[in-house]
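There are 2 protein chains.
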Amino acid sequence: MAKTALNPQNLDSVATRFRILGVPLRLQILNELANGERTVTALVDATGSTQPNVSKHLSTLLAHRLVKREKRGNSAYYSVSDPAVFKLCEIVCGNIERALEEERAAFSGS
Amino acid sequence: MAKTALNPQNLDSVATRFRILGVPLRLQILNELANGERTVTALVDATGSTQPNVSKHLSTLLAHRLVKREKRGNSAYYSVSDPAVFKLCEIVCGNIERALEEERAAFSGS
DNA sequence: TTCTTATATGACCACATAATCATATAGTCA
DNA sequence: TGACTATATGATTATGTGGTCATATAAGAA
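Heads up: the sequence lines are chains A and B, in that order.
Take 5 as the starting number for the first sequence in the working numbering and just add one per residue.
Take 5 as the starting number for the second sequence in the working numbering and just add one per residue.
In structure tokens, the structure reads:
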């Protein structure tokens, strides 16, 4: 199964996807969007970052189709366009927790 | 479910994990290791990169526990230490293929 | 020992990009 | 219209890091 997981054609695309998710603020934004659509201002408040910065990251996420944008009135409402993202995060979180567990075990065993 | 996927404590760790996977050559290495343990030289041949470069990326992957290292004789044998990585790649590949499909559909529909 | 092979590593460069600031655009309301 | 709010974006800076080169380390073979 692993053999077909990554053909050379997709290598760059897959890497790019991972790189998009490799920025804490972007994960924070996605995590907030997990609870439903949010305006830019709401995301600024939730993350504690600045408006231009949040806007720029949203642009990146939008360009790579990780979020959707809908303009209503004066505001822009963003939402997650592919919930599979959270599956990725869950797997990674599982990995990390397991790693921490192992570290703890190794530490107490030495 | 999404609410607990990313607590702020783990944010940096998760982002780092993703960033580690966000480099094509590293994915190429992992993809090669999916078929079993490999020496550095074998990975150099398989990827077409240089020996110092492959070694450096292996160091990174090792530091973050994505691979294991075993020295036998004159060579260092690397192998994947957590097969969950491939599950991540599969999900991302699925996303990308779906995105391409949508693009094709949108293109032919315009 | 010397020679060869295998791997790791420090110095360096080049490039990508995250963050900030200032400003532009656009919508709403009076 | 003007004032205010919400969002986007260009310019700039600073930092991180992928790649290369030269070299160091280490293990076998002669």
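By construction, the Cβ of each residue, glycine as well, lies at the ideal position given by its N, Cα and C atoms.
When the Cα atoms are used, what is the spatial distance from C93 (chain B) to V48 (chain B)?
-> On the second sequence, residue 93 (chain B) is found 89 positions in, with the first residue counted as 1. On the second sequence, residue 48 (chain B) is found 44 positions in, with the first residue counted as 1. For C93 (chain B) and V48 (chain B), the distance between alpha carbons rounds to 22 Å.
What residues are listed by DSSP as bridge partners for E74 (chain A)?
-> The residue you call residue 74 (chain A) lines up with position 70 of the first sequence. The partner list for E74 (chain A) (beta bridge, DSSP) reads A:Y81.
Does DSSP put T64 (chain B) in a helix, a strand or coil?
-> Taking the second sequence and counting its residues from 1, one reaches residue 64 (chain B) at position 60. Of the three classes helix, strand and coil, the one that applies to T64 (chain B) here is helix, per DSSP.
Is there contact between the segment 24 to 34 of chain B and the segment 61 to 72 of chain B, where contact requires at least three CB pairs shorter than 8 Å?
-> yes
Thinking C-beta only, is R23 (chain A) closer than 7 Å to G26 (chain B)?
-> Counting from 1 along the second sequence, the entry for residue 26 (chain B) is found at position 22. Counting from 1 along the first sequence, the entry for residue 23 (chain A) is found at position 19. Yes. Within cutoff.
Roughly how many angstroms lie between the CA atoms of I100 (chain B) and E106 (chain A), to the nearest whole one?
-> Taking the first residue of the second sequence as 1, we reach residue 100 (chain B) at position 96. Taking the first residue of the first sequence as 1, we reach residue 106 (chain A) at position 102. If I take the Cα positions, the gap works out to 33 Å.
Chain A contacts made by the segment 67 to 96 of chain B, where a contact means CB separation under 7 Å = R69, D86, A88, F90, K91, L92, C93, E94, I95, V96
Comparing the C-beta of I100 (chain B) with each C-beta of chain A, is any distance below 7 Å?
-> For the purposes of this step, residue 100 (chain B) is identified with residue 96 of the second sequence, where counting begins at 1. Chain A contact via Cβ: present.
Chain A residues whose Cβ lies nearer than 7 Å to that of L47 (chain B) = As a position in the second sequence, residue 47 (chain B) is number 43, starting the count at 1. Result: empty, since nearest Cβ-Cβ is about 14 Å, beyond 7 Å.
Indicate the three-state DSSP secondary structure (helix, strand or coil) for T54 (chain A) in the structure shown.
-> Start at 1 with the first residue of the first sequence, and residue 54 (chain A) comes out as number 50. The answer is coil: DSSP assigns T54 (chain A) none of H, G, I, E or B.
In terms of alpha-carbon separation, which member of B:R108, B:D86, B:L104, B:A110 lies closest to N35 (chain B)?
-> Residue mapping note: residue 35 (chain B) aligns to position 31 of the second sequence, counting from 1. Closest by alpha carbon: B:D86.
Top-ranked residue by Cα proximity to D16 (chain A), from B:C97, B:A50, B:T45 = Taking the first sequence and counting its residues from 1, one reaches residue 16 (chain A) at position 12. Selected option, being the one with the closest Cα: B:C97.
V27 (chain B): contacting residues in chain A (beta-carbon distance under 9 Å) | As a working mapping, residue 27 (chain B) is identified with position 23 in the second sequence. Within chain A, the residues near V27 (chain B) are A19, F22, R23.
The alpha helix (DSSP H) with K35 (chain A) in it runs from where to where?
-> Residue mapping note: residue 35 (chain A) aligns to position 31 of the first sequence, counting from 1. The identity of residue 35 (chain A) in the sequence shown is Asn, whereas the question assumes Lys. Start and end: 28 to 37.
Can you list the residues of chain B that N14 (chain A) reaches, using a CB-CB cut of under 7 Å?
-> The residue given as residue 14 (chain A) occupies position 10 in the first sequence. Within 7 Å Cβ-Cβ: C97, I100.
Cross-chain neighbours of A103 (chain B) in chain A, by beta carbon under 8 Å = Here the question's residue 103 (chain B) lines up with position 99 in the second sequence. Near A103 (chain B) (Cβ distances below 8 Å), the residues of chain A are R69.
Between B:R21, B:N14, B:A46, B:V89, which lies nearest to Y81 (chain B) when the distance is taken from Cα to Cα?
-> Within the second sequence, the letter at position 77 stands for residue 81 (chain B). Cα-wise, what sits closest to Y81 (chain B) is B:A46.
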